[in-house]
Amino acid sequence: MQGERQEPESHAGERVPTFDEARKIILERVSTLGSELAPALDAVGRVLAEDLVAPWDFPAWDNSAMDGYAIRAADAKAPASLRLSAYIPAGTAATEPLAPGTAAKILTGAPLPAGADAVVPIEEAEERDGAVAILAPVRPGAHVRRRGEDIRSGESVLPAGTILGPPEISLLASCSRLSVSVFRRARVAILSTGDELVEPGEALAPGKIHDSNALAVAAAVKQIGAEPVLLGIARDDRQSLRTLLAEGLRADALVTTAGVSMGDRDLVRQVLDELEVRQVFWKIDIKPGRPTAFALRGSTPVFSLPGNPVSTLLTFEQFVRPALLKMMGHAKVFRPLVAATFQDEIPRKPGRVSFVRVRLERRGSELLAWSAGKQDTGILKTMIRADGIAVIPAERGDLRPGSAVEVQVLRGGFDMCQA
Ligand code: AMP
Ligand code: MG
């Protein structure tokens, strides 16, 4: 017999952990991987493992914020005509101080000559016969970018733990850093199990289905910057499982799908045990996804997820994703949680925490959530349509229009993207 049954206990009399307990246990047991030096572009989306200190001031010298004329502001208290004494395009630097009563033509970014303390933009001056007419008084410091006004030498600009995106990479490049210390990407071995499975691309026979879980999990692994290692399909027999599970244990984490329910071919946990993988728990008090198992060999976590493709995706999302993010140095491992008002009717018996796939839409200041479709675990389409997952507390009864729900947002910017 397969599927999710209602046993009150996981095994040997142990209580089935709640949703929150299971997440807590997993996060307590997984540890952060080591760091490595990565080229800047390979560090995108990863977590900095060193404190980055500014090696010098940014900008490194006072420079012009405009194309215009560098002057001494005192020379332009009233309309004035100043002789042009120098030309300073970007990429050059004046060697002489600016003579009093003169102006230097200067382009954006060029260092201010010594003595100058303001820039008059081209559009506010008139250049004629080797002199420039300044029509209005000029404030000292006008259109000048001050040395160190952005970042001071020695300032801690990117602390360890920072997630590296384009602005951080911009700073690295400005510091002339080609590579940086970041936490390692987790290598995640992925194993599908089941006699019914055929590799995508291969022909089906009666009773066979394509293995969709391996690529689904690999996609989810890739999305967080971890590295999937596809082990292929293990058959529902000990030898096949043993060979591939043993291979998977060489990775930083192992994710298996299917073969963890009550069926007589559900051998994954047994074979893991024979490989000295110690079970931490089997089953979580949630719906769907109850037969999820978590185990460890040394510090290597092994997640055995239920095989139903929707349950696989949901349990990966709830338990594996946060664990992998922690391993890769992330401090924030959960999706943003938002309060929304449910708009549909879903009958529900109190008992277990359940996950409802929802669509989200902002109306004024309110966030509305609709059921994304039939909630049966056989319906992948509902997962495809979902912007988020409403987490329904164990004790809640029927959901009705107007019910308050908390939703994990899967698609950032679901309401911000314009067609
Ligand atoms: P099991 O946990 O082995 O009882 O599998 C539960 C359900 O998920 C069955 O309908 C399986 O055919 C299906 N299933 C298991 N593994 C996969 C997979 N890799 N891809 C697609 N469906 C799967
Ligand atoms: Mg099976």
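Residue 406 in numbering that gives the first Met the number 0 sits at position 407 of the sequence shown, with consecutive numbering throughout. For each residue, glycine too, the CB sits at the ideal point set by N, CA and C. In this text, all values refer to a predicted model and were calculated from it rather than measured experimentally.
Problem set entry | Helix, strand or coil at Asn307 [DSSP, three-state] | Under the three-state reduction of DSSP output, Asn307 falls in the coil class, being neither helix nor strand.
Exercise. Quick one: what does DSSP say Ser298 is sitting in, helix, strand or coil?
Worked result: For Ser298, the secondary structure class from DSSP, reduced to helix, strand or coil, is coil.
For this session: Give me the Cβ distance between Gly306 and Gly262, rounded to the nearest whole Å; I'm assuming they're in contact under 8 Å.
Result: Contact flag wrong, Cβ pair sits at about 10 Å.
Exercise. Grouping DSSP H, G and I as helix and E and B as strand, with all else coil, what is Glu8?
Worked result: Here the model assigns Glu8 a pLDDT of 47, short of 50, so the residue's position is not dependable and the matter cannot be decided.
Exercise. Below 8 Å, can you find three or more Cβ-Cβ pairs linking the stretch 306-324 to the stretch 376-392?
Worked result: The stretch 306-324 is in contact with the stretch 376-392.
For this session: Measure the CB-CB distance between Ala393 and Ala368 and report whether it falls below 8 Å.
Result: Not in contact: Ala393 and Ala368 (Cβ atoms no closer than 8 Å).
Exercise. Any heavy atom of ligand 1 within a distance shorter than 7 Å of the CB on Ala219?
Worked result: No, the beta carbon of Ala219 sits no closer than 7 Å to any heavy atom of ligand 1.
Problem set entry | Whole beta strand (DSSP E) elements within the stretch 62-141, 3-residue minimum | Considered as a whole, the stretch 62-141 harbours 67-70, 79-87, 101-105, 117-120, 124-127, 130-133 as its complete beta strand (DSSP E) runs of no fewer than 3 residues, in chain order.
For this session: Helix, strand or coil for Lys207, going by three-state DSSP, please let me know.
Result: For Lys207, the secondary structure class from DSSP, reduced to helix, strand or coil, is coil.
Problem set entry | Option in Phe354, Ala98, Leu163 with minimal Cα separation from Leu424 | The displayed coordinates of the chain run from 0 to 418. Any statement about residue 424 would go beyond what the structure contains.
Problem set entry | Simplified DSSP state of Thr376, which is helix, strand or coil | Note: Thr376 maps to coil in three-state DSSP.
Problem set entry | Stretch pair the stretch 88-99 + the stretch 148-162: three plus CB contacts closer than 8 Å | No, they do not touch.
For this session: Going by DSSP, name the residue or residues bridged to Gln278.
Result: Note: Gln278 sits in a beta bridge opposite Ala294.
For this session: Within 10 angstroms of the Cβ of Phe333, are there 16 or more other Cβ atoms? Answer buried if so, exposed if not.
Result: Classification of Phe333: exposed, given that the 10 Å Cβ count is below 16.
Exercise. Where DSSP assigns a beta bridge to Trp369, which residues make up the other side?
Worked result: Under DSSP, Trp369 forms a beta bridge with Arg358.
Problem set entry | Gln5, buried or exposed, once every other Cβ within 10 Å from all chains shown has been counted against 16 | Note that Gln5 has pLDDT 45, beneath the 50 cutoff, so the model's placement of it is unreliable and the number below is only indicative. Exposed, because fewer than 16 other Cβ atoms sit within 10 Å of the Cβ of Gln5.
Exercise. Got a sec? Which residues, its chain only, sit under 7 Å from Arg268 by beta carbon, not counting five neighbours each side?
Worked result: Only residues of its own chain outside the window of five on either side were considered, and among them Val259, Gln278, Trp281, Ala292, Ser303 have a CB closer than 7 Å to the CB of Arg268, listed in chain order.
Problem set entry | Limits of the unbroken beta strand (DSSP E) element including Ile321 | In the sequence as presented, Ile is not what sits at residue 321; that position holds Pro. In this chain, Pro321 is not harboured by any beta strand (DSSP E); it is covered by the alpha helix (DSSP H) spanning 320-326.
For this session: Look up Ser173 in the DSSP assignment and say whether it is helix, strand or coil.
Result: In the structure shown, the three-state DSSP call for Ser173 is helix.
Exercise. Since Arg186 is in the beta strand (DSSP E), which residue starts that stretch and which ends it?
Worked result: In the DSSP annotation of this structure, the continuous segment of the beta strand (DSSP E) that includes Arg186 starts and ends at 186-192.
Exercise. What does DSSP give as the partner residues of Pro38 in its beta bridges?
Worked result: In the DSSP output, where bridge partners are listed per residue, Pro38 has Ser178.
Problem set entry | Proximal residues to Ala219 (C-beta, below 6 Å), its chain only, five neighbours per side dropped | Counting only Cβ-Cβ distances below 6 Å, and skipping sequence neighbours, we find Phe315.
Problem set entry | Neighbourhood of Pro419 by C-beta, 7 Å cutoff - its chain only, sequence neighbours within 5 removed | Past the edges of the chain, shown from 0 to 418, lies residue 419, and the structure says nothing about it.
Exercise. Roughly how many whole angstroms lie between the Cα atoms of Arg439 and Ala102?
Worked result: There is simply no residue 439 to check, as the chain begins at 0 and stops at 418 in what is shown.
Exercise. Do Ile285 and ligand 1 come close, with the Cβ less than 7 Å from some heavy atom?
Worked result: Relative to ligand 1, the beta carbon of Ile285 is positioned no closer than 7 Å to any heavy atom.
For this session: Have a look at Leu398 and Arg347 and give me their C-alpha separation to the nearest angstrom.
Result: Computed Cα separation, rounded: 7 Å.
Exercise. Which of the three DSSP states, helix, strand or coil, is assigned to Phe57?
Worked result: The answer is strand: DSSP assigns Phe57 an E or B state.
Problem set entry | CB of Glu125 within 8 Å of CB of Val131, strictly | Glu125 places its beta carbon less than 8 Å from that of Val131.
For this session: Would you decide whether Thr472 is buried or exposed? Buried here means 16 or more other CB atoms lie within 10 Å of its CB.
Result: Residue 472 lies beyond the range of the chain shown here (0 to 418); nothing can be said about it.
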